[in-house]
Every structure is written in structure tokens, then in C-alpha cells.
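First comes the structure, then the notes that go with it.
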Amino acid sequence: MATITTSPKKAIKNTFPVEGMTCAGCAVSVESMLKAQPGVESAAVNFANKTVLVEYDPATPVTTLQKALQDVGYDLLIQKEEATQEAKEAREEEAYQRIKHKTIWATMLSFPVAVIGMFFHHMPYGNWIMLALTLPVVFWFGRSFYVNAVKQARHGQANMDTLVALSTGIAFLFSAFNTIYPQFFLERGLEPHVYYEAATVIIAFILLGKLLEERAKSRTSGAIKKLMGLQPKSVKALRNGVETEIPIEDVLVGDVLVIRPGEKIPVDGRVVTGSSFLDESMISGEPIPVEKTTGDQVFTGTINQKGSLQITAEKVGAETLLAQIIKMVQEAQGSKAPVQQLTDKIAGIFVPVVIGIALLSFAAWYFLGGDNNTTHALLALITVLIIACPCALGLATPTAIMVGVGRGAENGILIKDAESLETAHKLTAIVLDKTGTITKGKPEVTELEWAVPTGTQANLAAVVLAMENQSEHPLADAVSKHLTAQNTQPAVLESFESITGRGVQATYQGQVYWLGNEKLMLENGLRFSSDLEKTAQKRKSEAKTVVFAGTQGQVVALIAIADAIKETSAEAIQELQQLGLQVYMLTGDNAQTAAAVAQQVGLQHYKAEVMPQDKADFIQELQAQGHVVGMVGDGINDSQALALADVGIAMGRGTDIAMDVAKVTLMHSDLSAIAKAIKLSKATVRTIHQNLFWAFIYNLIGIPVAAGLLFPIWGFLLDPMLAGAAMALSSVSVVTNSLRLRSLKL
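Counting with UniProt numbering, you get residues 1 to 746 for the letters of the sequence shown.
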């Protein structure tokens with residue numbers, strides 16, 4: 001899906017699908033060709049995803065970029081309808097069916113050629129039969145290799161198609177020459193060998209490898225497909241008071257939409273009428289449905305369970321939370337890990353080097369090979385060109401990144417770029433913000449203790465609820481929610497008065513009630529029981545805010561309020577410490593509160609009363625000590641530190657700014673996901689290293705063997721057909737190894 005953003009320089013960033021790329025060398029060609037165009041600032045190709053991210057001047061026509069790629073055998077898909085996920089999947093399916101068709105026919109025709117060439121090569125007219133069967137394989141089913149190779153050569157470039165075209169083309173031309181004019185070699189006392197089976201079987205094997213590779217790669221985008229499946233295709237809108245079903249693309253901000261039981265919420269918006277319970281697990285990770293009534297916010301992709309709702313659309317299309325998640329996952333899958341940049345450089349020079357080695361092998365065999373030198377020289381040339389395909393090298397990193405990012409998204413870990421995925425496992429220190437990260441980020445009543453008989457508590461609770469409902473104090477809402485959750489109904493007060501800096505006073509049934517701090521109680525002569533006084537001191541030592549209720553000369557209730565610690569925070573911090581990380585907590589709160597929270601979650605290192613700049617300075621201080629630092633936060637005040645950290649991690653329920661700056665977003669706002677992200681990073685990097693190892697070792701061993709290094713020792717010369725099979729299997733093995741990440745337990 002094409003995504004457009006704007007950089008500070010007003011340059012446009014756009015992700016385009018690219019058709020025609022067959023190897024890592026193709027990716028390098030596309031990048032270099034686009035970078036060479038006037039107005040293009042940067043271009044980054046994701047070979048596994050067949051896309052390119054281009055940053056270019058708005059004055060540069062995209063048709064110019066498209067024409068540049070078409071000249072070298074590729075195509076840039078620039079139309080909006082071409083760039084949709086549905087269109088992309090349709091093209092991929094069409095390409096898959098096309099390769100499947102070619103593979104089946106090439107294999108059917110290659111089989112008799114291989115049988116005749118290996119076992120019945122002296123049969124009458126055998127060479128002519130093989131020539132007839134080889135012609136459609138080489139010039140019809142394998143024609144794309146030659147067309148692309150010629151286009152590359154026009155611009156002084158080479159890729160995998162160049163290797164295939166050279167090797168099979170030379171084998172075919174040599175064989176056709178010996179079939180049509182065998183006397184040339186016979187007059188010189190040499191056998192006019194033919195290698196039709198090499199040309200046909202190599203093309204068949206390469207097509208088979210591409211078929212298996214395309215089939216495997218299509219599975220790496222499963223996370224994106226699942227996310228996109230959360231948005232309905234159509235929706236019922238109220239237009240002029242009439243309920244009309246319209247495509248999701250036609251929904252406008254301000255439209256009123258009707259959502260019935262079992263339907264998905266199509267846009268981000270607010271409930272205007274109705275009430276229901278919504279399954280918001282895709283956002284919150286919580287399996288318990290959330291009640292939604294008038295004024296409550298709803299998000300795309302969540303599922304309406306029971307009641308009917310009418311919602312007004314606030315964010316549509318690319319602005320919805322789900323669209324932003326999809327965009328983040330797509331950009332991460334398309335980004336390049338640092339190790340990939342080295343791989344790209346190697347792929348860029350790989351093909352010319354291989355052609356050089358093939359020519360040297362031919363020369364060495366031709367001049368030093370003795371008997372059958374021409375035959376051996378030709379075989380060495382063809383085999384080296386075939387076995388050195390750089391596909392496995394080009395797929396090693398991007399396929400692992402794509403599967404790793406997708407696996408993270410399925411677990412609520414949104415990774416913005418490949419670099420952060422590669423860096424996460426190197427972390428040695430984690431810095432945690434307190435509010436909203438370790439704690440829930442909102443005050444809650446932790447204790448409500450009465451100093452009166454049970455029979456009078458309900459009546460007092462009703463008065464307290466009524467007083468808090470009218471209070472403007474920031475903590476009043478926490479008390480109201482707590483009492484409402486206990487099914488308390490507010491009393492009808494006769495009078496109400498706010499006392500600045502102290503609390504509130506009210507009259508109910510002729511009796512005066514006070515609700516506020518300790519000073520308010522003492523000023524009005526209200527007595528504390530010894531038990532309540534001890535409890536108050538204990539709650540204060542725990543850094544909780546204490547509110548008292550009093551009437552008739554005595555304090556009747558104590559309400560302790562605090563920003564409650566998330567249920568999973570202590571266990572998550574312990575897990576990070578067990579991984580060998582140094583864990584720090586930074587907070588703008590007072591020292592007493594910081595100490596209490598640190599003690600409860602098992603933290604030894606913490607700092608209180610820090611400003612946003614202090615957080616950033618602390619990150620740099622740790623980095624100066626040699627630490628690889630991860631910063632976890634949720635607020636605007638954390639954004640600078642998140643940007644400076646080696647890996648910035650934002651809570652999914654935090655501010656938009658924090659999530660924009662951070663490289664990783666934890667959608668469930670659960671610290672336990674950090675350990676999962678580190679585990680995913682380790683597994684992904686390990687997979688990349690495995691892929692690169694096998695890609696490199698394959699070529700390091702395969703090319704010398706193909707050149708004939710073992711022939712003087714054991715008399716072994718690699719058959720071109722076996723080289724083609726090995727080349728195809730190397731690419732498939734790399735993709736298959738990457739797909740193992742899908743079963744990783746986090």
C-alpha cells in the first residue's frame with residue numbers, strides 16, 4: 001500500500017511497489033537508477049517485499065522515475081489503485097500463476113531432454129530432437145531472463161538474469177552449433193558435445209526455485225493481511241436521515257454511522273447514541289469487553305458485541321489508529337537493518353565478480369586443461385555462472401525482518417524500523433518513566449476505611465459520592481468512580497461549598513459534612529481515632545494521598561488515593577533484571593513517592609523530581625558509560641529521551657508524540673512486552689546471521705567447486721544441472737529458515 005508523508009524539507013516520501021525484481025542485484029540496480037534521477041534524495045528497496053521507499057522533490061514527476069526503471073526492465077507502480085494491498089495481492093497471485101505455468105511446461109519439456117542427453121545421446125536424430133524441445137524452454141518459458149539481461153547490459157549493469165542468460169545461452173548456442181555443424185570439431189579430432197540438458201534443466205530449476213520462493217515469501221506478509229482484515233469493506237451511514245450502505249472509502253469526518261451487534265467499528269469516532277460492549281483486545285490486549293455509552297471513544301477494528309450504536313466519524317482512512325498501526329508495520333518490514341546495508345554493497349559487486357571468475361575459469365581450463373580442454377572450459381564457465389546466484393544473499397536479511405516484525409505485531413509489539421529490531425538484543429540498560437509506564441497513569445482509590453458501624457456506612461458513602469460529584473478537585477473523580485463501582489447512589493445535598501486548599505463542605509438532612517485534608521478536619525474540631533491516625537500515617541509513608549470525611553465531631557472515613565502500579569510491572573522488571581539489564585526509574589514525582597514505587601517493584605536505581613531535559617541528560621550519561629540504552633515512556637515529557645535512546649519504547653496508551661518518536665510501541669502498555677521484544681530481537685538477529693552464513697558459505701564452497709578446483713584431486717567436475725538445483729534450493733532454504741520465526745514463543 002502506498003504511503004505518503006512529508007519531511008521537514010518538504011520532500012515527498014512515497015512507497016511504491018516494484019515489478020520485475022528477481023534478485024539482490026536487481027534491488028541494487030533499482031536503487032542506483034532511482035538515486036541517479038534529478039530530484040531524488042534517497043531510495044531504499046525492500047527486495048523481499050518488492051517495494052521501494054523514495055524521497056524526492058515534489059516537482060519531480062513520478063512518471064520520470066517510472067520511465068527510468070522501465071528502461072532497465074523493471075516497473076514502478078505509481079497509480080493509487082495499483083498500490084492498494086488488494087491490487088498487490090492480485091498481482092502477486094497472477095505472477096505466481098504465471099511462474100507456475102512456466103515451471104510446469106519447462107519441466108515437462110526438460111525431462112525428455114535430460115533423459116536423452118544423459119542416457120541416449122547416441123540415438124539417431126537425438127541432438128535434433130533435443131534442439132526442438134529446448135527451443136521453447138529457452139526462448140519462450142525462459143525468455144524473461146534474456147530480455148532483462150539485455151536491458152541491464154544497455155545501462156552497463158548486471159544481475160541474476162545476466163548470469164542465467166549467459167550460462168544457458170552459451171550452453172544452447174554451443175550445442176546448436178555442434179548439432180548443425182558437427183564437422184567443425186570432428187575435423188579437429190574432437191567429439192562435438194551438446195549440453196541441451198544443462199540449458200533446459202537449469203531454466204526449469206530456476207523457475208522452480210522462484211515458484212517455491214514466491215510461495216514462501218507470500219506467507220511473510222500474514223501480519224499485514226490480518227491487520228487489514230480488521231477493517232470492514234462497507235458501512236451503514238445516515239445520509240439525510242436515511243440509512244445507506246456505502247464503501248468504507250466514502251466515509252467522511254462527521255458522518256454518523258450505524259453499528260449493529262457483531263459488526264466491526266469501521267473508523268475512529270465517538271458514540272452519539274446507544275450503548276454496548278466492545279471487544280477492544282486488538283488495542284488493549286484485555287479480553288474483557290469494554291462498555292461504551294454516549295461520548296465514549298471507539299476505534300477501527302474493534303468489535304461491537306451486544307447493543308446497537310450510532311457513532312460520529314472523527315478519523316477516517318489513513319488517520320485511524322488501525323491505519324497507523326498498519327503503516328508502522330509496513331514501514332518496519334520495508335526498512336533496512338545495518339547488516340543489510342553491507343549485504344547490498346556486496347550484492348552490487350557480486351555479479352561482475354562472478355562473471356570475472358567464470359571467464360578466468362574458462363581461460364584456465366582452455367589453456368591448461370589438456371584433453372577435452374574446450375569441453376571442460378565451457379562446463380566450468382556455465383557452472384560458475386549458475387551456482388553463484390545472489391538470491392539467497394539478497395533474501396537473508398529482509399525475509400527475517402519481515403517475519404520478525406510481523407510476529408511482533410501479532411503480540412502487540414509494533415516495531416518501526418529494522419535497526420531497532422537488530423539493536424534491542426544488545427541493550428544493557430533500561431530507563432523507565434514512572435507515571436503511565438510502571439503505574440497506570442491515573443489516580444485510583446486504593447483503600448476506603450470507615451471508622452463507623454457497618455450499618456451507617458452506606459448512608460455516609462452516598463453523601464461522600466454526592467460531595468465528590470460536585471467537587472472540582474482532580475482527585476474527586478477517582479473517589480466518584482470507586483463509589484459508583486460499588487453501586488452507591490449519590491444523596492441529594494441541601495448545600496455545597498468548596499473550601500480552597502482544604503476540601504469541601506456540605507449539608508445533608510440538616511447535618512454538616514466535611515471532606516478534605518487533615519487541616520480541614522482539625523480546623524473544624526473533628527477528632528481522629530487512634531487506629532485511623534495510625535492508618536493515615538502508614539498510607540502517607542507509602543506516598544499515597546489521604547482524604548478524610550468527617551461529621552458530628554469525628555473523622556468517619558479515610559480514603560487513600562494513589563497512581564496504582566500495574567499488575568505486571570514488578571514481575572516484568574524482575575524479568576528484565578534477570579536478563580542482565582540495569583533497570584532505572586526516572587520520575588518528576590517527589591522523592592517519597594518515587595522511593596515507595598521503587599520499593600514495591602523491586603528497583604534499586606531511581607531518580608525523583610527530574611525534568612524532561614534531565615531524562616535526556618541521564619540517557620546520554622549512560623551511553624557515555626558504554627551502555628546500550630532503552631528508554632520506556634508514554635508522555636510528551638519523555639519524547640526527548642525516547643529520541644536519544646538507542647531503542648525508544650512507547651506505551652500504546654501514551655501520547656501521539658511519544659509514539660511518533662519511539663522506535664517500538666507496546667500496544668498493550670505492558671512492561672512484560674519489553675522482554676518479549678528483546679527475545680524477538682535475539683531470535684531475528686540469530687536467523688539473519690544463520691541466513692547470511694549459509695548464503696556466504698554456499699558461494700564460498702560452490703564457486704571453487706564449480707570452477708573445477710576438485711578435478712585435479714578427485715576428478716570431480718560439477719554438473720551444471722546440479723548447480724542449478726543447488727542454486728534454487730539455497731534461496732528456498734533461506735526463506736524457510738526465516739519463516740521459523742512465525743512459530744517463536746514470546
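Glycine is no exception: its CB is placed at the ideal position from the N, C-alpha and C atoms.
(request) Just list the beta strand (DSSP E) runs in the stretch 43-127, keeping only unbroken ones of 3 residues or longer that don't cross its boundaries, in chain order. (result) Counting only runs of 3 or more, we get 51-56.
(request) Assign residue 609 to one of two classes, buried (16 or more other C-beta atoms within 10 Å of its C-beta) or exposed (fewer than that). (result) Walking along the sequence shown from the start, residue 609 turns up at place 609. When all chains shown are included, residue 609 counts as exposed.
(message) Tell me the rounded alpha-carbon separation between residue 570 and residue 631.
(response) In the sequence shown, the residue the question calls residue 570 occupies position 570. In the sequence shown, the residue the question calls residue 631 occupies position 631. Approximately 17 Å, taken between the alpha carbons.
(message) Whether or not the stretch 511-518 and the stretch 546-559 are in contact is what I'm after, with contact meaning three or more pairs of Cβ atoms, one per stretch, closer than 8 Å; do they touch?
(response) Cβ pair count under 8 Å is three or more, so yes.
(message) If you reduce the DSSP assignment to three classes, tell me which class residue 195 lands in.
(response) Numbered from its first residue, the sequence shown carries residue 195 at position 195. Note: residue 195 maps to coil in three-state DSSP.
(message) My output table needs one value for residue 627: the three-state DSSP class, helix, strand or coil.
(response) Sequence index remark: in the sequence shown, residue 627 carries index 627 (1-based). Correct three-state label for residue 627: coil.
(message) What would DSSP say about residue 549, mapped onto helix, strand or coil?
(response) Looking up residue 549 in the sequence shown gives position 549. Of the three classes helix, strand and coil, the one that applies to residue 549 here is strand, per DSSP.
(request) Specify whether the stretch 424-441 and the stretch 402-412 touch according to this definition: at least 3 beta carbon pairs, one from each stretch, less than 8 Å apart. (result) Judged by Cβ distances under 8 Å, the stretch 424-441 makes no contact with the stretch 402-412, as fewer than three pairs qualify.
(message) Please report the straight-line C-alpha distance between residue 241 and residue 13, rounded to a whole angstrom.
(response) What you label residue 241 is simply residue 241 of the sequence shown in a count that begins at 1. What you label residue 13 is simply residue 13 of the sequence shown in a count that begins at 1. Straight through space, the alpha carbons of residue 13 and residue 241 are spaced by roughly 41 Å.
(message) Using C-beta distances below 6 Å, list every residue in its chain close to residue 426, excluding the 5 sequence neighbours before and after it, in chain order.
(response) The count along the sequence shown starts at 1 and reaches residue 426 at position 426. Only 628 meet the Cβ criterion.
(message) At the level of alpha carbons, what is the spacing between residue 96 and residue 575?
(response) Taking the first residue of the sequence shown as position 1, residue 96 is located at position 96. Taking the first residue of the sequence shown as position 1, residue 575 is located at position 575. Going by the C-alpha atoms only, they are around 45 Å apart.
(message) Just verifying my parser: in three-state terms, what is the DSSP assignment at residue 352?
(response) Here residue 352 refers to the residue found at position 352 when the sequence shown is read from its first residue. DSSP places residue 352 within a helical segment (H, G or I) once states are collapsed to three.
(request) Run through the stretch 407-442 for me and flag every whole beta strand (DSSP E) of 3 or more residues, listed as ranges in chain order. (result) Taking only runs of at least 3 residues, the beta strand (DSSP E) segments lying wholly in the stretch 407-442 are 413-415 and 429-433.
(request) Assign residue 220 to one of two classes, buried (16 or more other C-beta atoms within 10 Å of its C-beta) or exposed (fewer than that). (result) Here residue 220 corresponds to residue number 220 of the sequence shown, with the count starting at 1. Any reading at residue 220 needs caution, since the residue's pLDDT is 46, under 50, leaving its predicted position unreliable; the model's value is listed next. By the neighbour-count rule (16 or more Cβ atoms within 10 Å), residue 220 is buried.
(message) Quick check on residue 233: does DSSP put it in helix, strand or coil?
(response) Counted from its first residue, the sequence shown places residue 233 at position 233. Of the three classes helix, strand and coil, the one that applies to residue 233 here is coil, per DSSP.
(request) Output the boundary residues of the beta strand (DSSP E) element that contains residue 513. (result) Translated into positions along the sequence shown, residue 513 becomes position 513. Residue range 511-516 is occupied by the beta strand (DSSP E) that includes residue 513.
(request) Under 8 Å by Cβ, that's how I've got residue 273 and residue 294 pegged, so tell me the actual separation to the nearest angstrom. (result) Indexing the sequence shown from 1 puts residue 273 at position 273. Indexing the sequence shown from 1 puts residue 294 at position 294. Separation of the CB atoms of residue 273 and residue 294 is rounded to 7 Å, and the pair is thereby assigned contact status at 8 Å.
(message) I'd like the list of long-range same chain contacts for residue 171, defined as Cβ closer than 6 Å, with 5 residues on each side in sequence excluded.
(response) The count along the sequence shown starts at 1 and reaches residue 171 at position 171. Closer than 6 Å at Cβ, skipping near neighbours: 195, 198, 199 and 382.
(request) Mind checking which residues open and close the beta strand (DSSP E) that includes residue 270? (result) Indexing the sequence shown from 1 puts residue 270 at position 270. Residue 270 -> beta strand (DSSP E) spans 268-274.
(message) Within 10 Å of its beta-carbon, does residue 286 have 16 or more other beta-carbons around it, so buried, or fewer, so exposed?
(response) Translated into positions along the sequence shown, residue 286 becomes position 286. Confidence at residue 286 is low in this model, with a pLDDT of 43, below 50, so its placement is unreliable and no value can be given for it.
(request) Could you name the residues of the same chain whose beta carbon sits closer than 6 Å to that of residue 605, not counting the 5 residues immediately before and after it, in chain order? (result) Reading the sequence shown from its first residue, position 605 is the one you call residue 605. Hits under 6 Å: 584.
(request) Could you pull the start and end residues of the beta strand (DSSP E) that residue 477 belongs to? (result) Taking the sequence shown and counting its residues from 1, the one referred to as residue 477 is at position 477. Taken as a continuous stretch (DSSP letters only), residue 477 belongs to no beta strand (DSSP E), being part of the alpha helix (DSSP H) at 476-485.
(request) Look up residue 461 in the DSSP assignment and say whether it is helix, strand or coil. (result) Here residue 461 refers to the residue found at position 461 when the sequence shown is read from its first residue. The answer is helix: DSSP assigns residue 461 an H, G or I state.
(message) Measuring straight from C-alpha to C-alpha, what distance separates residue 310 and residue 264?
(response) The residue given as residue 310 occupies position 310 in the sequence shown. The residue given as residue 264 occupies position 264 in the sequence shown. Roughly 13 Å between the two C-alpha positions.
(request) Compute the Euclidean distance between the alpha carbons of residue 726 and residue 259, then round it to the nearest angstrom. (result) For this step, residue 726 is matched to residue 726 along the sequence shown. For this step, residue 259 is matched to residue 259 along the sequence shown. Cα to Cα, the separation comes out at about 55 Å.
(message) On a Cα-Cα basis, can you pick out the residue from 486, 544, 317 and 122 that is closest to residue 192?
(response) In the sequence shown, counting from the first residue as 1, residue 192 sits at position 192. When only C-alpha atoms are compared, the closest one is 122.
(message) Strictly under 7 Å for the Cβ-Cβ distance: is residue 102 near chain C by that measure?
(response) The question asks about chain C, but that chain is absent: this structure has only one protein chain.
(message) Residues in the same chain with beta-carbon distance under 6 Å from residue 562, minus the five sequence neighbours each way, listed in chain order, please.
(response) Reading the sequence shown from its first residue, position 562 is the one you call residue 562. Here the set comprises 446 and 544.
(request) Could you name the residues that DSSP lists as bridge partners for residue 668? (result) Working through the sequence shown from its first residue, we reach residue 668 at position 668. Secondary-structure assignment with DSSP links residue 668 through no beta bridge to anything.
(message) Considering only heavy atoms of the ligand FMN, does any lie closer than 6 Å to the CB of residue 60?
(response) This structure simply doesn't include the ligand FMN, nor any ligand for that matter.
(message) Just to confirm my understanding: we take residue 669, look at its own chain, exclude 5 residues before and 5 after, and list those with CB closer than 6 Å. What are they?
(response) On the sequence shown, residue 669 is found 669 positions in, with the first residue counted as 1. Here residue 669 has 651, 652 and 653 as same chain residues with Cβ atoms under 6 Å from its own Cβ, once five neighbours each way along the sequence are excluded.
(request) Let me know if residue 114 comes out buried or exposed under the rule of 16 or more other beta-carbons within 10 Å of its beta-carbon. (result) Your numbering for residue 114 matches position 114 in the sequence shown. Burial call: buried.
(message) Would residue 398 and residue 47 be called neighbours here (beta carbons separated by less than 7 Å)?
(response) As a working note, residue 398 is residue 398 in the sequence shown. As a working note, residue 47 is residue 47 in the sequence shown. Their beta carbons are under 7 Å apart, which means residue 398 touches residue 47 by this criterion.
(message) Run through the DSSP bridge pairs and tell me what residue 490 is partnered with.
(response) Here residue 490 corresponds to residue number 490 of the sequence shown, with the count starting at 1. Paired residue(s): none; residue 490 is not in a bridge.
(message) Quick check on the burial criterion: 16 or more other C-beta atoms within 10 angstroms. Buried or exposed for residue 459?
(response) Residue numbering aside, residue 459 sits at position 459 when the sequence shown is read from its first letter. The residue is exposed, with fewer than 16 neighbouring Cβ atoms inside 10 Å.
(request) Evaluate the contact criterion for the stretch 690-706 versus the stretch 416-430: three or more CB pairs, one atom per stretch, below 8 Å. (result) Output reads no: the stretch 416-430 does not touch the stretch 690-706.
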